[in-house]
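Okay, so here's the structure we're looking at.
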Amino acid sequence: MPLTEIEMLIEGGKMKESIPQILDLPEKLAEDYNINFVIVIDEFQYLRLASQSFPGLFHVMRSKWQFHKRVSYVISGSSVGLLEKTFSE
1 MPLTEIEMLI EGGKMKESIP QILDLPEKLA EDYNINFVIV IDEFQYLRLA SQSFPGLFHV
61 MRSKWQFHKR VSYVISGSSV GLLEKTFSE
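Reading the sequence shown from the start, the letters are residues 1 to 89 in this note's numbering.
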């Protein structure tokens, strides 16, 4: 099975460099297929753990998602305090 460009970046140890491309993938697919869709991310507060390995992750997410026209994002989680802290920092 051939690897996608993003899979090659990840397997090549370039995960950090590929995050912006991964975050733009839903918008690119929506444009390519002329559709709109919604992505729901539950337990979003657990991404704080990932942000320890990838400093600036939330900044990159926001910088990409704010320009997406065809994709909407629903963020939820069970730890309201952690969610508030995540979005207020």
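Beta carbons: idealized from backbone N, C-alpha and C, even for Gly.
This structure is a prediction, so every number in the text was calculated from the model and none was measured.
Does the Cβ of K85 have 16 or more other Cβ atoms within 10 Å, making it buried, or fewer, making it exposed? Exposed.
Given a threshold of 16 other Cβ atoms within 10 Å of its Cβ, counted over all protein chains shown, does F37 qualify as buried or as exposed? F37 is classed as exposed because its beta carbon has fewer than 16 other beta carbons within 10 Å across all chains shown.
Between the C-alpha atoms of Y73 and F67, what's the straight-line distance to the nearest angstrom? Cα-Cα distance, rounded: 12 angstroms.
Output needed for D24: all residues of its chain with C-beta closer than 6 angstroms, excluding positions within five of it in sequence on either side, in chain order. Closer than 6 angstroms at Cβ, skipping near neighbours: K64.
Shortest alpha-carbon distance to I39 belongs to which of E89, V80, R70? The candidate whose alpha carbon is nearest that of I39 is R70.
Beta-carbon proximity check, V60 vs P20, cutoff 7 angstroms: Their beta carbons are under 7 angstroms apart, which means V60 touches P20 by this criterion.
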